[in-house]
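For reference, the structure discussed in these notes is given below.
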Amino acid sequence: MPEAPEPSVAVRRMSPYNPPLEGRSEKLRLDFNENVIGCSPKVLETVRQAASRGFLATYPEYAEILRRLGAHFGVDSDQVTIGAGTDEIINGILHAFVNPGDEVIMPKPSFAMFRFYTQLVGGVPIQVPYRGSELAFPAEEIAAAIGPNTKAVCIATPNNPSGGVASRDEVLHILAAADRRVVLVDEAYFDFHGETMVDLVKDWPNLFVARTFSKAYGMAGMRLGMAVSQNRNIAIVRKGQSPYGVNSLAVRCALAAMEDTDYVREYVRQVLEAREVLCSTLDRLGIRYWPSRANFVLFELGEGCSRACERLSAMGILIRDQSAYLPGAARVTVGPLGETAQFVAAFREVLGK
Ligand SMILES: Cc1ncc(COP(=O)(O)O)c(C=O)c1O
Numbered sequence: 000m001p002e003a004p005e006p007s008v009a010v011r012r013m014s015p016y017n018p019p020l021e022g023r024s025e026k027l028r029l030d031f032n033e034n035v036i037g038c039s040p041k042v043l044e045t046v047r048q049a050a051s052r053g054f055l056a057t058y059p060e061y062a063e064i065l066r067r068l069g070a071h072f073g074v075d076s077d078q079v080t081i082g083a084g085t086d087e088i089i090n091g092i093l094h095a096f097v098n099p100g101d102e103v104i105m106p107k108p109s110f111a112m113f114r115f116y117t118q119l120v121g122g123v124p125i126q127v128p129y130r131g132s133e134l135a136f137p138a139e140e141i142a143a144a145i146g147p148n149t150k151a152v153c154i155a156t157p158n159n160p161s162g163g164v165a166s167r168d169e170v171l172h173i174l175a176a177a178d179r180r181v182v183l184v185d186e187a188y189f190d191f192h193g194e195t196m197v198d199l200v201k202d203w204p205n206l207f208v209a210r211t212f213s214k215a216y217g218m219a220g221m222r223l224g225m226a227v228s229q230n231r232n233i234a235i236v237r238k239g240q241s242p243y244g245v246n247s248l249a250v251r252c253a254l255a256a257m258e259d260t261d262y263v264r265e266y267v268r269q270v271l272e273a274r275e276v277l278c279s280t281l282d283r284l285g286i287r288y289w290p291s292r293a294n295f296v297l298f299e300l301g302e303g304c305s306r307a308c309e310r311l312s313a314m315g316i317l318i319r320d321q322s323a324y325l326p327g328a329a330r331v332t333v334g335p336l337g338e339t340a341q342f343v344a345a346f347r348e349v350l351g352k
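The sequence shown runs contiguously to residue 352 in numbering that gives the first Met the number 0.
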């Protein structure tokens, strides 16, 4: 009898990660921190115009998008790389710098893909808990965890799922403690927070800052993320990346999206307005939540949390049960006021309040 192949040691050891991605299109999607109403109409127009047989038959070109992103971040184009979402950027960076057995430090709870890709490259995830019930960023603890086997530190600011941020001083503290290691600062929710560490790249040869078109720009389905770092680091990451990893439509759309800054600015304004309304509603309902600088809010429902998420889903509203990581907690994406009001109405019905 022929036998099936064995998986690699790294894949065998990985903890599976299966986010609930299926069957979402007909529902109000407040579960993945996407843009709730979608991308700029100019991006859609670009898709229509680009869709020709010749365009789809041709491999993508990246010089223009890299130049444009470099200008956007105030760096040279050889200080930027792109990937199919921040996910592929995290993968690319960890693959380029982490050997099997090396440690990668990340706070907990944080973005699941830090652990996922660490395990995929055979690294050892070292999860440092956020501090106390207020989930304060554990800068000291992360710095203290850095040892001879540490090869990288991954942090998200604002953090998913808590919405809290790491201050500039805290990031600087980690950068200083992590000499000769990668420090990846994932700024996927930058647009809602407005503070960046990109300017630190010129002075810190260990820093990578990642961004994405998946959140404020409303292009999660397109899969385009990027990282900024010193050119030596970017050359190393690019060496291990596919020369055609990002599709040509995503590239065209990203160029169009960057032209329409008004659209993103207005969307962010609406989200910040709705986030305030949501938080004051949670205050009135006596539900504890964690202050957020992103387009989502984590709140505490206690024992009935999973049941409440299921009931909301049955009513056509998806939020994300976080009980597996934080007992009794759920995360809701914030969109404009209308969508937030829909959530609040259904939520009150579920709570009977
Ligand atoms: C912190 C963080 N980084 C990155 C991503 C994903 O970005 P992308 O769609 O670009 O892979 C997410 C998505 O939830 C996130 O929360």
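For glycine and all other residues, C-beta sits at the position ideal for the given N, C-alpha and C.
Each residue's CA atom was taken as its position, placing Q48 and P59 some 16 Å apart. E194 and G217 have their C-alpha atoms roughly 20 Å apart. Rounded to whole angstroms, the separation of the alpha carbons of A226 and A209 is 4 Å.
In terms of side-chain proximity, the C-beta atom of F212 is found nearer than 8 Å to a non-hydrogen atom of ligand 1. By the neighbour-count definition (other C-beta atoms within 10 Å, threshold 16), S76 is a buried residue. The C-beta of F96 has 16 or more other C-beta atoms within 10 Å across all chains shown, which makes the residue buried. Judged by beta-carbon spacing, L183 lies within the 9 Å limit of I154, meaning their Cβ atoms are closer than that value. By the neighbour-count definition (other C-beta atoms within 10 Å, threshold 16), G122 is a buried residue. Y188 has its Cβ nearer than 8 Å to a heavy atom of ligand 1. Take V35, set aside five residues on each side of it, and the residues of its chain with a beta-carbon closer than 6 Å to its own are G334, E338, in chain order. For ligand 1, no non-hydrogen atom lies closer than 8 Å to the CB of F115. For L93, the enclosing alpha helix (DSSP H) begins and ends at 84-96. Residue pairing by DSSP places M218 in no beta bridge whatsoever. Excluding the 5 residues flanking it on each side, S24 has no same chain C-beta neighbour closer than 6 Å. Excluding the 5 residues flanking it on each side, H94 has same chain C-beta neighbours closer than 7 Å at V120, G239, in chain order. For R12, the uninterrupted alpha helix (DSSP H) run begins and ends at 8-12, by DSSP. Contact between the segment 137-152 and the segment 99-111 is present, with at least three C-beta pairs closer than 8 Å. Contact annotation, F110 with T332: C-beta distance approximately 15 Å; criterion of less than 8 Å not satisfied. By the C-beta criterion, the segment 69-86 is judged to be in contact with the segment 243-252, since at least 3 inter-stretch pairs fall below 8 Å. In this structure, ligand 1 has no non-hydrogen atom nearer than 8 Å to the beta-carbon of S247. If only complete runs of 4 or more residues are kept, the segment 244-296 shows the alpha helix (DSSP H) at 247-258, 260-284, in order along the chain. In the three-state scheme derived from DSSP, where H, G and I count as helix and E and B as strand, C304 is classed as helix. Counting only runs of at least 4 residues, the segment 90-177 fully encloses the following alpha helix (DSSP H) elements, listed from N- to C-terminal order: 111-119, 138-144, 167-176. DSSP lists A328 as the beta-bridge partner residues of E299. The residue from L284, S279, F298 with its alpha-carbon nearest to that of G351 is L284.
Cβ contact annotation for N90 (same chain, cutoff 6 Å, sequence separation greater than five): Y116, in chain order.
Here T211 is bridged, per DSSP, to G224.
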